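What follows is one structure encoded as structure tokens, with my remarks underneath.
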DNA sequence: ACCTGAACACCGTTCAAGT
DNA sequence: ACCTGAACACCGTTCAAGT
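Protein chains in written order, with UniProt numbering: chain A, 1 to 222; chain B, 1 to 222.
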């Protein structure tokens with residue numbers, strides 16, 4: 001005679017496995033070990049020890065899972081400097097952190113571009129902290145959102161650039177058709193020694209930040 | 001009694017159909033009418049009136065076809081201003097043109113990031129013209145490539161942003177958790193009236209260009 | 001309420017067989 | 001040399017059937 005089933009018995013609630021948090025965490029594990037090419041609904045289900053079709057009781061689509069990941073990652077972006085540092089310094093800290101998070105997740109960038117902020121609380125929290133920092137620095141309200149969007153565009157573009165092969169600008173057999181560019185590539189390479197993406201990001205960041213700074217009230221003169 | 005086959009007869013050479021140019025042109029037609037979601041090796045083959053497997057005698061993969069398209073589009077980018085206008089003006093013309101071409105082709109952006117310039121003659125020609133303009137403006141050689149890469153990053157990021165829905169920043173039910181950002185979004189929207197991406201691009205372009213300009217020799221003082 | 005297993009409608013790509 | 005047709009090894013997603 002079998003014992004009465006223990007499942008759902010002892011008064012403690014049934015342990016839900018396929019929550020948004022668990023799915024997101026499992027997805028990040030799969031991506032971490034197998035990359036985005038290896039991240040399929042099948043591999044995600046396997047990690048959770050469940051049939052692929054079971055996922056669709058909790059997520060509407062793979063796109064939705066990607067949105068969960070995206071919002072999760074936003075919490076890793078460092079916005080702390082906006083509460084304490086001067087604006088120029090704070091934007092640099094934020095931009096470097098933002099880029100470094102998404103360099104490892106470039107396939108998400110097309111997802112971000114479509115991400116509705118109303119369903120992404122951590123993304124929204126980041127924007128709130130950044131906006132607070134801009135206001136504190138004396139930015140006029142209507143100029144803040146365009147500036148944030150412009151900075152984000154630069155950050156996402158730079159994240160893509162960071163995953164490009166180093167030798168992308170080798171002109172090869174076409175060198176004689178592009179003497180100026182070929183020489184410029186050699187000069188840049190001689191100076192930076194293989195960290196081209198980093199150098200380009202810092203140069204661009206410097207330019208945007210100083211460009212924006214130029215139209216701000218001088219601190220202490222408000 | 002059948003007539004002798006006319007095929008390959010009359011002394012004129014056999015008309016090749018599946019050339020790189022023809023495939024690229026057909027691909028652009030398919031993308032133009034059905035978008036990138038509708039662009040498959042199957043739909044491309046149908047446009048060329050050929051079996052899908054026939055394509056693999058001329059292109060190694062779908063990725064290669066995408067690279068052909070990418071290089072083809074680069075020829076549309078307007079670099080003419082670098083030959084005549086002052087640097088600031090020329091970069092703006094180039095950047096706007098570059099962005100407007102790839103706004104309609106954002107799925108190519110991840111392809112570009114990996115595109116070897118040695119196999120992309122039109123891309124290389126663009127870089128050559130841009131480099132010439134930078135040199136003419138007095139840029140030091142080693143700073144040119146990082147600056148171009150930074151500008152490109154901003155342009156690609158902005159192209160992504162341009163295809164995002166307008167209401168992406170509606171905070172919805174989370175508005176009370178993000179009062180500063182919600183208010184900033186409203187202020188921006190009141191000023192620009194729905195052309196947010198354009199405004200952000202112009203603001204960012206202005207900042208980078210002025211930021212870079214600040215470290216250039218004054219024209220006429222060389 | 002939520003899981004399984006089978007099925008569906010696709011993909012890109014390969015390859016033997018033809019001409 | 002280059003095309004066809006069939007096949008392969010996948011995808012994401014749906015859905016009837018179970019518990």
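Ideal placement from N, C-alpha and C gives every residue a C-beta, glycine not left out. This structure is a prediction, so every number in the text was calculated from the model and none was measured.
Smallest Cα separation from residue 121 (chain A): which of A:164, A:69, A:86 and A:135?
Out of A:164, A:69, A:86 and A:135, A:69 has the C-alpha closest to the C-alpha of residue 121 (chain A).
Is the number of C-beta pairs between the segment 105 to 112 of chain A and the segment 78 to 85 of chain A that are closer than 8 Å three or more?
Result no; under three Cβ-Cβ pairs closer than 8 Å.
Under three-state DSSP, which class holds residue 203 (chain B)?
Reduced to three states, the DSSP call for residue 203 (chain B) is helix.
With a threshold of 8 Å between beta-carbons, can residue 49 (chain B) be considered close to chain A, or not?
Not closer than 8 Å to any Cβ of chain A, the Cβ of residue 49 (chain B) fails to qualify, so no.
Going along chain B in order, which residues have a C-beta closer than 9 Å to the C-beta of residue 172 (chain A)?
Correct list: 116, 117, 118 and 119.
For residue 178 (chain B), report the span of its alpha helix (DSSP H) as first-last.
Neither: residue 178 (chain B) is in no alpha helix (DSSP H) and is coded neither H nor E.
Here's a check: name, in chain order, each residue in its chain whose Cβ is nearer than 7 Å to the Cβ of residue 62 (chain A), leaving out the five neighbours to either side.
Once the five neighbours on either side are set aside, the close Cβ partners of residue 62 (chain A) are 41.
Using the Cα positions of residue 210 (chain A) and residue 162 (chain A), report the straight-line distance between them to the nearest angstrom.
Those two C-alpha atoms are separated by around 23 Å.
Suppose the cutoff is 6 Å on Cβ atoms and the five residues either side in sequence are ignored; what does the same chain contact list for residue 52 (chain B) look like?
Around residue 52 (chain B): 41, 42 and 45.
If residue 113 (chain A) and residue 204 (chain B) are in contact, beta carbons under 8 Å, what's the gap, nearest whole angstrom?
That belief does not hold up - the Cβ atoms of residue 113 (chain A) and residue 204 (chain B) are roughly 15 Å apart, past 8 Å.
With DSSP as the reference, label residue 171 (chain A) as helix, strand or coil.
Residue 171 (chain A) falls in the coil class under three-state DSSP.
If contact means a Cβ-Cβ distance below 8 Å, which residues of the segment 150 to 165 of chain A contact chain B?
For the segment 150 to 165 of chain A, which is checked against every Cβ of chain B, the residues closer than 8 Å are 150, 151, 152, 153, 154, 155, 156, 157, 158, 160, 161, 163, 164 and 165.
Let me make sure I understand the geometry here. Which of A:192, A:23 and A:188 has the alpha-carbon closest to that of residue 131 (chain B)?
When only C-alpha atoms are compared, the closest one is A:188.
Is it the case that the Cβ atoms of residue 169 (chain B) and residue 145 (chain B) are separated by a distance below 8 Å?
Their beta carbons are not under 8 Å apart, which means residue 169 (chain B) does not touch residue 145 (chain B) by this criterion.
Is DSSP giving residue 72 (chain A) helix, strand or coil here?
Correct three-state label for residue 72 (chain A): helix.
What number of angstroms, rounded off, separates the C-alpha of residue 208 (chain A) from the C-alpha of residue 28 (chain B)?
Residue 208 (chain A) and residue 28 (chain B): Cα-Cα distance of roughly 35 Å.
Kindly indicate the opening and closing residues of the alpha helix (DSSP H) around residue 141 (chain A).
Per DSSP, residue 141 (chain A) belongs to the alpha helix (DSSP H) from 141 to 162.
Just curious, the alpha helix (DSSP H) that residue 33 (chain A) is in, first and last residue?
20 to 34 is the span of the alpha helix (DSSP H), which, as asked, contains residue 33 (chain A).
So which of A:119, A:148, A:72 and A:143 has the shortest CA-CA distance to residue 129 (chain A)?
Comparing Cα-Cα distances from residue 129 (chain A) to each of A:119, A:148, A:72 and A:143, the minimum goes to A:148.
Check this for me: beta carbons of residue 178 (chain A) and residue 124 (chain B), under 8 Å apart or not?
Result yes, Cβ atoms of residue 178 (chain A) and residue 124 (chain B) sit closer than 8 Å.
What does a CB cutoff of less than 7 Å around residue 118 (chain A) pick up in its chain, not counting 5 residues either side in sequence?
Closer than 7 Å at the Cβ level, and outside the excluded window around residue 118 (chain A), lies no residue.
May I ask you to report which of helix, strand or coil DSSP gives residue 48 (chain A)?
Looking at residue 48 (chain A) - three-state DSSP - the assignment turns out to be coil, as it is neither helix nor strand.
Going by beta-carbon coordinates alone, are residue 194 (chain A) and residue 153 (chain B) separated by less than 8 Å?
No, the pair does not count as a contact, with Cβ atoms beyond the cut-off.
Helix, strand or coil for residue 190 (chain A), going by three-state DSSP, please let me know.
Three-state DSSP puts residue 190 (chain A) in a helix.
Distance check for residue 206 (chain B) and residue 100 (chain B), CA to CA, integer angstroms please.
Cα to Cα, the separation comes out at about 17 Å.
May I ask which residues mark the beginning and end of the alpha helix (DSSP H) holding residue 216 (chain B)?
Per DSSP, residue 216 (chain B) belongs to no alpha helix (DSSP H) and is neither H nor E.
For residue 135 (chain B), report the span of its alpha helix (DSSP H) as first-last.
Its alpha helix (DSSP H) spans residues 121 to 136.
Excluding five sequence neighbours on each side, which residues of the same chain lie with their C-beta closer than 6 Å to the C-beta of residue 199 (chain B)?
Same-chain partners within the cutoff: 192.
Look up residue 211 (chain B) in the DSSP assignment and say whether it is helix, strand or coil.
In the structure shown, residue 211 (chain B) sits in a helix (DSSP, three-state: H, G or I).
Residues in the same chain with beta-carbon distance under 7 Å from residue 212 (chain B), minus the five sequence neighbours each way, listed in chain order, please.
147.
Which first and last residues belong to the alpha helix (DSSP H) in which residue 88 (chain A) is found?
Residue 88 (chain A) -> alpha helix (DSSP H) spans 87 to 103.
Could you run through the segment 93 to 109 of chain A and flag, in chain order, every residue whose CB is less than 9 Å away from some CB of chain B?
Cβ contacts with chain B come from 106, 107 and 109.
Closest Cβ-Cβ distance between residue 211 (chain A) and chain B: below 8 Å?
Closer than 8 Å to some Cβ of chain B, the Cβ of residue 211 (chain A) qualifies, so yes.
Since residue 216 (chain A) and residue 138 (chain A) are thought to touch, with beta carbons under 8 Å apart, how far apart are those beta carbons, to the nearest angstrom?
Right, the Cβ-Cβ distance comes to about 6 Å (below 8 Å), so this counts as a contact.
Starting from the Cα of residue 136 (chain A), find the closest Cα among B:180, B:89 and B:142 and give me that residue.
Comparing Cα positions, the closest option is B:180.
From residue 95 (chain A) to residue 49 (chain B), what does the alpha carbon distance come to, in whole angstroms?
Each residue's alpha carbon lies about 49 Å from the other.
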